[in-house]
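First the structure, in the form of structure tokens, and then the observations on it.
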Amino acid sequence: MKTVSPPAGVEGPGFFATSLDQIIGTARANSLWPLPFATSCCGIEFMATMASHYDLGRFGAERLSFSPRQADVLMVMGTIAKKMAPVVKQVYEQMAEPRWVMAVGACASSGGIFDTYSVLQGIDEIVPVDVYVPGCPPRPEQILEGFIQIQELAKNESLRRRNSEEYKQLLAKYQIA
Amino acid sequence: MAKIPNSVLIEKLQSKFPLAIYGTDEASDMLNVVADPTYNVEILQYLFHEPSLKFQFLTALCGIHYPGTEKELGVICHLHSLETNTRMRLKFFLPVQNPVIRTAISVFMTANWMERETYDFYGIIFEGHPNLKRILNVDEMEAFPMRKEFPLEDPNRLDKQDKYFGR
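Structural data, given as structure tokens:
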């Protein structure tokens, strides 16, 4: 069985040296708490993803957080109507840094088949998205792959991502303070 | 109790409201009656209280849009007389420049949300409604989306531009 591999570093008898960035990145990546925002069939696929057969717990996401304050990953799964857009935005604003967003399925990514006046054409109209998972609905394997991509981001991103000029500009574009 | 025959219904309505009943149509499922919108409350009240009719359940109240006709917008009430299990439709047509009709809340409390929905999607004004504001769509919406002149598709969609389809 493959366990989490340690980050690159210097190893000797009784000691291991690496950078703090990488230690924290590894720790974060393997203990992400997802906040599932499930509105339709993609949410059903997510239930399968969480259950024993696919088991998202293998990736350190055993514990779902239904409070945005403690969540690391916002997983938006399903059609978001325009009337629900302020709710999604509020949930995102309540999450603490570092935070990532995953748009699961065609609807959350682009509006999907619901090209209509009442449906948001992708959640990236209101919050920045890190990973898009295609599919209608995506299979649990695809959701897992999307989650692994989030883990890669958590491992390799600068710990001071939120202080970077680029990130500040991104949030300003969405009018999120 | 047996169903109220359509002929009896038509006769009763026409003798009570000789000028307000514009036309009737015996559709396969239930009777359609087109009537004068200025008498909508009186007609509903009569159908509700008349002991031989008792249409006391408002199944649905909705709008309809026939663009290009003289009276474009319509309000349709589906009524159900539970004792006799008789159903009927009442249709009131309104000009698009001034789509105003009185609220049916004085007869059916359940008309409240259905009238709000009809206002939300068709822009039909229900005079006397206590809370006539949008119910399903976002408050900022400027159009009445079920009217045919309003585009159904969202203008923000970026992947449906003609250039991607060689048009």
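Heads up: the protein sequence lines correspond to chains H and X, in order.
According to my numbering, the residues represented by the first sequence are 8 to 184, in order.
According to my numbering, the residues represented by the second sequence are 7 to 173, in order.
No residue lacks a Cβ here, since even glycine has one placed at the ideal position from N, Cα and C.
Note that the coordinates shown come from a computational prediction; the quantities given were computed from them, not determined experimentally.
May I ask you to list the residues that DSSP assigns as paired with residue i?
i	result
Phe99(X)	Gly80(X)
Val134(H)	Bridge partners of Val134(H): none, in fact.
Asp31(X)	Asn38(X)
Met94(X)	Leu37(X), Leu85(X)
Phe23(H)	Glu18(H)
Cys68(X)	Ile82(X)
Ala45(H)	Met84(H)
Thr154(H)	Residue 154(H) is actually Phe in this sequence, not Thr. In DSSP, Phe154(H) forms no bridge with anything.
Val140(H)	Val111(H)
Ile131(X)	Val106(X)
Is DSSP giving residue i helix, strand or coil here?
i	result
Met82(H)	strand
Ala92(H)	helix
Trp107(H)	strand
Val126(H)	strand
Glu48(X)	helix
Glu18(H)	strand
Gly32(H)	helix
Pro136(X)	coil
Thr109(X)	coil
Val98(H)	helix
Phe63(X)	strand
Ile141(X)	coil
Leu178(H)	helix
Phe66(H)	helix
Pro75(H)	helix
Leu158(X)	coil
Pro120(X)	One detail in the question is off: residue 120(X) reads as Met in this sequence, not Pro. DSSP places Met120(X) in helix when its eight states are reduced to three.
Ala55(H)	helix
Ser13(X)	helix
Pro147(H)	helix
Phe121(H)	coil
Asn37(H)	coil
Tyr125(X)	helix
Tyr61(H)	coil
Leu160(H)	helix
Lys169(X)	helix
Leu19(X)	helix
Phe54(X)	helix
Glu173(H)	helix
With a cut-off of 8 Å on the beta carbons, I'd call residue i and residue j a contact; round off their distance for me.
i	j	result
Phe150(X)	Gly129(X)	4 Å
Val17(H)	Leu42(H)	Not quite, the Cβ-Cβ distance comes to about 37 Å (not below 8 Å), so this is no contact.
Glu100(X)	Leu85(X)	Residue identity differs from the one stated: residue 100(X) is Leu in this sequence, not Glu. Not confirmed; about 19 Å, so no contact.
Thr92(X)	Ile10(X)	4 Å
Asn12(X)	Glu32(X)	5 Å
Gly29(X)	Val40(X)	5 Å
Glu133(X)	Ile107(X)	7 Å
Leu138(X)	Glu123(X)	At roughly 11 Å, the Cβ-Cβ gap does not stay under 8 Å, so Leu138(X) and Glu123(X) are not in contact.
Gly50(H)	Met84(H)	5 Å
Leu166(H)	Asp28(H)	6 Å
Cys143(H)	Ala113(H)	4 Å
Ile131(X)	Pro105(X)	6 Å
Cys36(H)	Ala161(H)	According to the sequence provided, residue 36(H) is Ala. The question's Cys does not apply to it. Correct: roughly 4 Å between the Cβ atoms.
Arg169(H)	Glu100(H)	Not confirmed; about 14 Å, so no contact.
Pro147(H)	Tyr61(H)	4 Å
Is residue i close to the ligand GDP? I mean its beta-carbon at under 6 Å from any heavy atom of the ligand.
i	result
Asp137(H)	No copy of the ligand GDP occurs in the structure displayed, which carries no ligand at all.
Tell me, please, whether the CB atom of residue i is closer than 7 Å to any CB atom in chain C?
i	result
Lys89(H)	Looking for chain C here will not work: the only protein chains present are H and X.
>> For the pair the stretch 119-130 of chain H and the stretch 74-92 of chain H, tell me if three or more CB-CB distances fall below 8 Å.
In response: yes
>> For the structure I just gave you, are there three or more beta carbon pairs, one from the stretch 156-165 of chain H and one from the stretch 102-109 of chain H, closer than 8 Å?
In response: yes
> Which residues, taken in chain order from the stretch 35-52 of chain H, show a beta carbon closer than 7 Å to some beta carbon of chain X?
Replying inline: none
> If you measure beta-carbon to beta-carbon, which residues of the stretch 135-152 of chain X are closer than 7 Å to chain H?
Replying inline: Asn143, Val144, Pro151
> For the stretch 139-169 of chain H, which residues have a CB atom closer than 7 Å to at least one CB atom of chain X, in sequence order?
Replying inline: none
> Does the stretch 150-161 of chain X come close enough to the stretch 68-78 of chain X that 3 or more CB-CB pairs lie under 8 Å?
Replying inline: yes
> Three or more C-beta pairs closer than 8 Å, one from the stretch 49-69 of chain X and one from the stretch 170-179 of chain H: is that the case here?
Replying inline: no
> Quick one, which residues of the stretch 154-167 of chain X are near chain H if we go by CB-CB under 7 Å, in chain order?
Replying inline: Those residues of the stretch 154-167 of chain X placed with their C-beta closer than 7 Å to a C-beta in chain H are Leu158, Glu159, Asp160, Asn162, Arg163, Asp165, Lys166, ordered along the chain.
> Does the stretch 155-171 of chain X touch the stretch 108-115 of chain X, meaning 3 or more C-beta pairs lie closer than 8 Å?
Replying inline: no
>> Can you confirm whether the stretch 129-140 of chain H touches the stretch 62-79 of chain H when touching is taken to mean that 3 or more C-beta pairs between the two stretches lie within less than 8 Å?
In response: no
>> Using a Cβ-Cβ cutoff of 8 Å, what residues of the stretch 95-127 of chain H are near chain X? List them in chain order.
In response: Ser117, Gly118, Asp122, Thr123, Tyr124, Ser125, Val126
> Does the pairing of the stretch 18-26 of chain X with the stretch 75-85 of chain X give three or more beta-carbon distances under 8 Å?
Replying inline: no
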